[in-house]
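Engineer:
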Amino acid sequence: MSSEEVKRERFERLVLPHMDSAFGLAVWLLRSESEAEEAVQEAYLRAFRSFHGFRGEHARPWLLGIVRNTCYTLLAQDRRVGPAEEFNEESHGEEAVAAGAVLSFPSNPEAALIQDADRELVRACLRALPAEFREALVLREIHECSYREIASIVEVPIGTVMSRIARGRRRLESELASRMTQKKSTGT
Amino acid sequence: MNCSETYRLLNGYVDGELELGGSLAVEEHLAGCPRCRAREANLRSLGSLMRGHVELDAAPERLRARLRERYGARSSTWQRWRPWHIAFAATSLAALTLAAWIGIVEIVGQRAPLSKSAGKVVYHITNSSTASAALRTLRNHLEASPDVTVVVVAHNEGIDFLLRGARDSSGQLYEGTVRGFKERGVDFRVCNNTLVRRKIDSRDIVPEATLVPSGIAEISRLQGQEGYTYMRL
């Protein structure tokens, strides 16, 4: 087999099967299916070009990292807000989570309220989260990635992943609770 | 460990990401603190709420086709230009010319023979309205190549035809058809995330079908690790 054939055979076996994971992540980062399609095509092109540098058998985190970067490049081109502009790690670090933690415990009625949330509401609240929380939660809950995988995809330390997941969940809960309360009070 | 420290580690604990020492310390605190236990329960239910309502969006078929065409090992665009292929085409052309010249013309296939992986196919059914058509396609497929191994993965509204008592548009029960396919070796797999999301009891699924934790993960696995060809219907 020629080296091009070996490359294609390996790419087909290791990278092509993750089209759904790639598309799923792009949809949640870009919040648009048509843009996600464009991003995934671009990401696969980048992945194919740099595939010679990939070692190992588990290509999914590697591919998802490329998809993520491609999505943020597209967002930056559109002059839409990317994670860097929305989020300042220094002022929102782990200390902030620990300090404010106990005070922001959700009450049990709030937790009970959330359980009745339907599909549309859960998706809308997740879509409304700032990008760095949204991507951490999507990678954790939907792609079932480990913290270590998320850290390599997002290129941050594992401690930051943990803190983003914690803060993301907390935000998602309050958003869900406030929309459920609104829904109940308007009777819809 | 106090409440504040526990709170900081609780997400990692629920996600099974803590080292043994951290896990034990959290467990010890939880045993004596009802408030942190309630927080743990809330975190776990938020997780199942999310997993139940937010599934991975499957890539559209045209995107899949395009990516396979560009980067697949059997991409026809690429194969057209492979040197041996050009040599083969030239030889074939010479042979054909010769054959025509001596008056014997054979019709030769345009395509290279399919690889062995084409012998394993996963059908992905995501829509209840296409189930009948998918089963017709499957029947034709089995008639054309009786040795093919087929797994049907049903997901989203595509699981409806595998519910007990489900009927097609002409009022026929699906169960008999499904049983017939099962006897011919077709495997039906139902996405459990879909059941959770749609609040469907697993006992409502016909006994011929088996449950898998996630339809998408199953398809990824079949394609990636077992060499199945993907068909979305």
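Heads up: the sequence lines are chains V and G, in that order. Numbering-wise (our numbering), the first sequence opens with residue 3 and increments by one. Numbering-wise (our numbering), the second sequence opens with residue 42 and increments by one. Cβ coordinates follow ideal geometry from the N, Cα and C atoms, glycine included.
Classify V/Glu134 as buried or exposed, calling it buried when 16 or more other Cβ atoms lie within 10 Å of its own Cβ.
Structural biologist: Locating residue 134 of chain V in the first sequence gives position 132, counting from the first residue. The residue is buried, with at least 16 neighbouring Cβ atoms inside 10 Å.
Engineer: For V/Ala49, which residues in the same chain have their Cβ closer than 7 angstroms to its Cβ, ignoring the five residues on either side in sequence?
Structural biologist: Here residue 49 of chain V refers to the residue found at position 47 of the first sequence. Once the five neighbours on either side are set aside, the close Cβ partners of V/Ala49 are Val17, Leu65, Ile68.
Engineer: Considering V/Tyr74, what are the terminal residues of the alpha helix (DSSP H) in which it resides?
Structural biologist: Position 72 of the first sequence holds residue 74 of chain V. That run of the alpha helix (DSSP H) goes 62-79.
Engineer: Thinking C-alpha only, which one of V/Arg142, V/Met182, V/Glu157 is nearest G/Arg92?
Structural biologist: Here residue 92 of chain G is taken as the residue at index 51 of the second sequence, counted from 1. If we check each option's Cα against that of G/Arg92, V/Arg142 comes out closest.
Engineer: Going by beta carbon distance, what residues of the same chain come within less than 8 angstroms of V/Phe53, once the five residues before and after it are set aside?
Structural biologist: Here residue 53 of chain V refers to the residue found at position 51 when the first sequence is read from its first residue. Cβ neighbours of V/Phe53 within its own chain (closer than 8 angstroms, five residues either side excluded): Lys9, Arg12, Phe13, Val17.
Engineer: Less than 7 angstroms separating the Cβ of V/Gln79 from some heavy atom of the ligand NAD?
Structural biologist: In the structure shown, the ligand NAD is absent, as is every other ligand, since no ligand is present at all.
Engineer: Check whether the Cβ of V/Leu174 lies closer than 8 angstroms to any Cβ atom in chain G.
Structural biologist: Reading the first sequence from its first residue, position 172 is the one you call residue 174 of chain V. Interface residue, yes.
Engineer: Under three-state DSSP, which class holds G/Ala99?
Structural biologist: Working through the second sequence from its first residue, we reach residue 99 of chain G at position 58. Correct three-state label for G/Ala99: coil.
Engineer: What in chain G is Cβ-close to V/Pro132, meaning under 8 angstroms?
Structural biologist: For the purposes of this step, residue 132 of chain V is identified with residue 130 of the first sequence, where counting begins at 1. Under the 8 angstroms cutoff, chain G gives no residues; its nearest Cβ is about 17 angstroms from V/Pro132.
Engineer: Give me the residue from G/Leu179, G/Asp242, G/Leu51 with the minimum Cα distance to G/Asp82.
Structural biologist: On the second sequence, residue 82 of chain G is found 41 positions in, with the first residue counted as 1. First, the residue type needs correcting, since residue 82 of chain G is Ala and not Asp in the sequence shown. With distances taken between Cα atoms, G/Ala82 lies closest to G/Leu51.
Engineer: Taking only three categories from DSSP, how would you classify V/Val124?
Structural biologist: Residue 124 of chain V sits at position 122 when you count from the first residue of the first sequence. Looking at V/Val124 - three-state DSSP - the assignment turns out to be helix.
Engineer: Kindly list, in the order they appear in chain G, the residues whose Cβ is closer than 8 angstroms to that of V/Met21.
Structural biologist: Residue numbering aside, residue 21 of chain V sits at position 19 when the first sequence is read from its first letter. Neighbours of V/Met21 on chain G, chain order: Ala100, Leu104, Arg105, Leu108.
Engineer: Report the rounded CA-to-CA distance for V/Lys186 versus V/Gln43, giving the unit in angstroms.
Structural biologist: In the first sequence, residue 186 of chain V corresponds to position 184, counting from 1. In the first sequence, residue 43 of chain V corresponds to position 41, counting from 1. Taking the straight line from one Cα to the other gives about 43 angstroms.
Engineer: Across which residues does DSSP place G/Ile166 in a beta bridge pair?
Structural biologist: If you number the second sequence from 1, residue 166 of chain G lands on position 125. Answer is G/Ala195, bridged to G/Ile166.
Engineer: Using a beta-carbon distance below 8 angstroms, is V/Glu11 in contact with chain G?
Structural biologist: Locating residue 11 of chain V in the first sequence gives position 9, counting from the first residue. Judged by the 8 angstroms Cβ criterion, V/Glu11 is in contact with chain G.
Engineer: Quick check on G/Gln264: buried or exposed, where buried means 16 or more other Cβ atoms within 10 Å of its Cβ?
Structural biologist: Translated into positions along the second sequence, residue 264 of chain G becomes position 223. G/Gln264 should be labelled buried.
Engineer: Less than 8 angstroms between C-beta atoms, sequence neighbours within five positions excluded: which residues of the same chain meet that for V/Ala24?
Structural biologist: Position 22 of the first sequence, counted from the start, is the residue given in the question as residue 24 of chain V. Excluding sequence neighbours, V/Ala24 sits near Val42, Ala45, Tyr46, Leu65, Leu66, Val69.
Engineer: For G/Arg273, report the span of its beta strand (DSSP E) as first-last.
Structural biologist: The residue you call residue 273 of chain G lines up with position 232 of the second sequence. Residues 270-273.
Engineer: At 8 angstroms on the CB atoms, spell out the chain V contacts of G/Glu58, in chain order.
Structural biologist: Stepping through the second sequence from its first residue, residue 58 of chain G is reached at position 17. Ordered by position in chain V, the residues that pass the 8 angstroms Cβ test against G/Glu58 are Ser148, Tyr149, Met164.
Engineer: In whole angstroms, what separates the C-alpha of G/Val193 from that of G/Glu102?
Structural biologist: On the second sequence, residue 193 of chain G is found 152 positions in, with the first residue counted as 1. On the second sequence, residue 102 of chain G is found 61 positions in, with the first residue counted as 1. The straight-line gap from Cα to Cα measures roughly 17 angstroms.
Engineer: If you reduce the DSSP assignment to three classes, tell me which class G/Ile241 lands in.
Structural biologist: One-based indexing of the second sequence puts residue 241 of chain G at position 200. Coil, per DSSP.
Engineer: Compile a chain-ordered list of the residues in the region 224-242 of chain G whose CB is closer than 8 angstroms to at least one CB of chain V.
Structural biologist: Arg238
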